[in-house]
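The numbering of the sequence shown is our numbering, which starts it at 2 and goes up by one. We treat Cβ as the ideally placed atom computed from N, Cα and C, and that holds for glycine. What follows is a single structure, written as structure tokens, with notes after it.
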Amino acid sequence: MARNSQTPNADVSGIFIIPLLICAVFVILWFAMGESLFYGAGKMAYHMLWPLDKIDAVHAYRLQIMQDVVRPPSVGKFYEWTSNAWRIPALIMAAIAFRMAWSAAKHPIGKKKGGLRGRLSVDALLRYQAQIHSAIAPIVPIAKELHKNEDPRFHEAWHPDEVVKLFGLAKENGDLDQEKAEHYLLTQLGTRVYRPGIDKSDTIFADRLNNWEKAIFALLAPAAVHGKEGLAEFRDLLDKLNYSAVNATQTPDLRLANEQYRKYRAHPLLNNLWRSHHFSVTYLMQVYKLCKRAGKVTTAEFVGWLRPNANSLYAALNSVGRQRAAFTECAGAHEHWEHEQKCQRQNRISILPVVVASLKSFEDEYNFWRSANPGETLETLWGRMTQEQARLDTELFREHVVDLLGSAMNGGPKPGEETEFDAGQAIARREFEDAQMTKLMAGAKAAFPKDEEQ
Numbered sequence: 002m003a004r005n006s007q008t009p010n011a012d013v014s015g016i017f018i019i020p021l022l023i024c025a026v027f028v029i030l031w032f033a034m035g036e037s038l039f040y041g042a043g044k045m046a047y048h049m050l051w052p053l054d055k056i057d058a059v060h061a062y063r064l065q066i067m068q069d070v071v072r073p074p075s076v077g078k079f080y081e082w083t084s085n086a087w088r089i090p091a092l093i094m095a096a097i098a099f100r101m102a103w104s105a106a107k108h109p110i111g112k113k114k115g116g117l118r119g120r121l122s123v124d125a126l127l128r129y130q131a132q133i134h135s136a137i138a139p140i141v142p143i144a145k146e147l148h149k150n151e152d153p154r155f156h157e158a159w160h161p162d163e164v165v166k167l168f169g170l171a172k173e174n175g176d177l178d179q180e181k182a183e184h185y186l187l188t189q190l191g192t193r194v195y196r197p198g199i200d201k202s203d204t205i206f207a208d209r210l211n212n213w214e215k216a217i218f219a220l221l222a223p224a225a226v227h228g229k230e231g232l233a234e235f236r237d238l239l240d241k242l243n244y245s246a247v248n249a250t251q252t253p254d255l256r257l258a259n260e261q262y263r264k265y266r267a268h269p270l271l272n273n274l275w276r277s278h279h280f281s282v283t284y285l286m287q288v289y290k291l292c293k294r295a296g297k298v299t300t301a302e303f304v305g306w307l308r309p310n311a312n313s314l315y316a317a318l319n320s321v322g323r324q325r326a327a328f329t330e331c332a333g334a335h336e337h338w339e340h341e342q343k344c345q346r347q348n349r350i351s352i353l354p355v356v357v358a359s360l361k362s363f364e365d366e367y368n369f370w371r372s373a374n375p376g377e378t379l380e381t382l383w384g385r386m387t388q389e390q391a392r393l394d395t396e397l398f399r400e401h402v403v404d405l406l407g408s409a410m411n412g413g414p415k416p417g418e419e420t421e422f423d424a425g426q427a428i429a430r431r432e433f434e435d436a437q438m439t440k441l442m443a444g445a446k447a448a449f450p451k452d453e454e455q
């Protein structure tokens with residue numbers, strides 16, 4: 002929850018503890034250094050004050066420094082020692098204080114009414130932060146609505162029961178309509194762009210994306226292709242799109258991405274990537290995964306305009322790197338994207354979309370919600386669901402890893418136990434997976450691209 006804009010300054014006074022601790026440590030170290038440093042400190046102060054020697058007080062002070070260096074005070078006399086030992090720290094602290102005062106005078110917030118002594122409102126803080134971080138700019142006009150959770154475009158992740166109600170996926174008796182639910186999950190994959198065995202190899206597949214997908218493609222392409230060297234292009238276009246989205250609808254000027262899109266639309270690496278990822282959303286998920294290898298690139302940097310305008314695409318990109326999909330809106334896309342990656346690792350081609358596991362999980366969670374106890378809250382319900390899901394995951398792991406692959410692991414240790422690497426078992430598991438994949442692809446060989454037209 003956001004802090005009240007009328008919070009008194011005393012609440013943030015704790016930030017002064019760190020400078021005080023630094024000063025205390027500095028003083029302790031200074032007096033622990035002994036007389037050897039006193040001579041050097043005196044000479045340093047003498048030379049540092051040379052530009053101001055024409056001032057009588059400074060000239061007299063420099064003469065006193067020379068006298069002290071020749072006849073230094075006794076360390077045993079605390080007052081006499083401190084009056085001389087503080088020369089260099091005093092100059093350093095004065096320089097730091099001057100620098101902080103200069104920064105405060107030039108600070109944009111300091112020039113407003115009340116300045117840095119006033120109480121900073123949330124709106125003023127957001128406006129200033131938006132000048133530094135462009136990702137904040139699109140949400141500045143709707144900050145109050147977001148704080149009160151009044152903007153439906155930035156809704157929380159939907160639970161399966163909410164999706165069923167919103168999209169009418171239930172039958173008359175309340176059971177989940179499998180056909181409608183599967184169709185809903187399949188729509189999350191986006192448009193089918195690449196068709197194995199049909200499309201020519203010289204086709205520019207990126208041209209089949211819609212405007213929002215083209216903008217994301219242009220944004221992520223430089224870092225996906227060039228790695229860290231492409232982050233500059235990524236940041237430049239990101240700032241342009243973010244600042245252009247400062248309006249009532251958080252809609253950026255997508256024309257800003259045209260130049261960068263034309264530059265990368267036919268890049269061989271990105272164009273060949275379509276052979277493994279045939280759908281627009283799963284393809285962009287893979288491009289985003291490549292982009293993340295270049296550095297710290299997150300969906301939070303463009304959430305301000307992508308989520309209110311293309312929420313399903315945002316949810317899919319946000320699930321990249323997660324073991325499970327965080328949004329029901331992208332469960333199907335997340336599963337099929339992982340299926341495409343597995344096919345790519347095994348040198349296979351994914352022919353049909355796969356949303357079997359997500360459909361089963363969708364149905365299980367919906368039925369779990371329907372079986373809620375009377376008076377049970379959503380918090381306790383989904384907490385119980387999490388525990389139940391953990392138990393099911395353990396059972397599925399034992400079923401598919403221990404039992405299904407038991408032929409290659411007879412007499413071996415249980416999963417999770419430390420053991421030496423057995424090449425024979427590894428080869429057996431790999432052959433078993435290949436055999437299962439071959440059975441899965443049986444009957445679909447005619448759809449494989451053989452001799453594509455050049």
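| Check | Outcome |
| --- | --- |
| In this structure, what does DSSP give as the bridge partners for residue 235? | Bridge partners of residue 235: none, in fact. |
| Comparing alpha-carbon positions, which option in 360, 208, 375, 371 lies nearest residue 268? | 208 |
| Hey, would you say residue 340 sits closer than 8 Å to residue 317, going by beta carbons? | no |
| Apart from the five residues on each side of it in sequence, which residues of its chain come closer than 7 Å, Cβ to Cβ, to residue 356? | 183, 186, 187, 333, 336, 337 |
| Is it true that the CB of residue 228 sits closer than 8 Å to the CB of residue 294? | yes |
| Select from 58, 139, 61, 365 the residue whose C-alpha is nearest the C-alpha of residue 243. | 139 |
| Which one or two residues does DSSP pair with residue 171 in a beta bridge? | 177 |
| Report all residues from its chain with a CB closer than 7 Å to the CB of residue 177; omit the five preceding and five following residues, and keep chain order. | 165, 170, 171, 364, 367 |
| Taking buried to mean at least 16 other C-beta atoms within 10 Å of its own C-beta, is residue 222 buried or exposed? | buried |
| Near residue 255, which residues of its chain fall below 7 Å by C-beta distance, leaving aside the five closest residues on each side in sequence? | 212, 216 |
| Going by C-alpha distance, which of 55, 247, 219 is nearest residue 236? | 219 |
| Three Cβ pairs or more, each shorter than 8 Å: is that satisfied between the segment 276-291 and the segment 301-310? | no |
| Classify residue 18: buried if its beta carbon has 16 or more other beta carbons within 10 angstroms, exposed otherwise. | exposed |
| Cutting at 7 Å between CB atoms, please list the residues of its own chain near residue 239, excluding the five before and the five after it. | 135, 220, 302, 303 |
| In angstroms with no decimal places, state the Cα-to-Cα distance between residue 308 and residue 387. | 26 Å |
| Cα separation between residue 189 and residue 103? | 54 Å |
| Which residues does DSSP list as the beta-bridge partners of residue 280? | 193 |
| Indicate the three-state DSSP secondary structure (helix, strand or coil) for residue 205 in the structure shown. | coil |
| Hey, does residue 49 have any beta-carbon neighbour from chain C nearer than 8 Å? | Looking for chain C here will not work: only one protein chain is present. |
| For residue 345, which residues from the same chain have a beta carbon less than 7 Å from its beta carbon, with the 5 sequence-adjacent residues on both sides left out? | 277 |
| Among the residues of its own chain, which have a CB less than 6 Å from the CB of residue 21, if the five just before and after it don't count? | none |
| Quick check: what's the CA-CA separation for residue 137 versus residue 130? | 7 Å |
| By alpha-carbon positions, which one of 210, 150, 328 ends up nearest to residue 161? | 328 |
| Suppose you measure from the CA of residue 311 to the CA of residue 158; what does that come to, to the nearest Å? | 14 Å |
| Rounded to the nearest angstrom, what separates residue 231 and residue 225 at their Cα positions? | 8 Å |
| Can residue 104 be considered in contact with the ligand MG, in the sense that its beta carbon sits closer than 7 Å to one or more heavy atoms? | Summarising the ligand content, the structure contains no ligands, and the ligand MG is consequently not present. |
| Distance, Cα to Cα, residue 191 vs residue 369? | 29 Å |
| With 16 as the cutoff for other CB atoms within 10 Å, does residue 324 come out buried or exposed? | exposed |
| Hey, how far is the Cα of residue 485 from the Cα of residue 322? | The requested residue 485 is not part of the displayed model; the chain covers only 2 to 455. |
| Return the CA-CA distance between residue 330 and residue 167, expressed in angstroms with no decimal places. | 12 Å |
| Is the distance from the Cβ of residue 471 to the Cβ of residue 142 below 8 Å? | Lying outside 2 to 455, the shown extent of the chain, residue 471 is not represented and no answer is given. |
| When you compare only the Cα positions, how much space is there between residue 378 and residue 163? | 15 Å |
| Could you spell out the range, first to last residue, of the alpha helix (DSSP H) harbouring residue 369? | 357-371 |
| Output the distance between the C-alpha atoms of residue 371 and residue 319, rounded to the nearest integer angstrom. | 28 Å |
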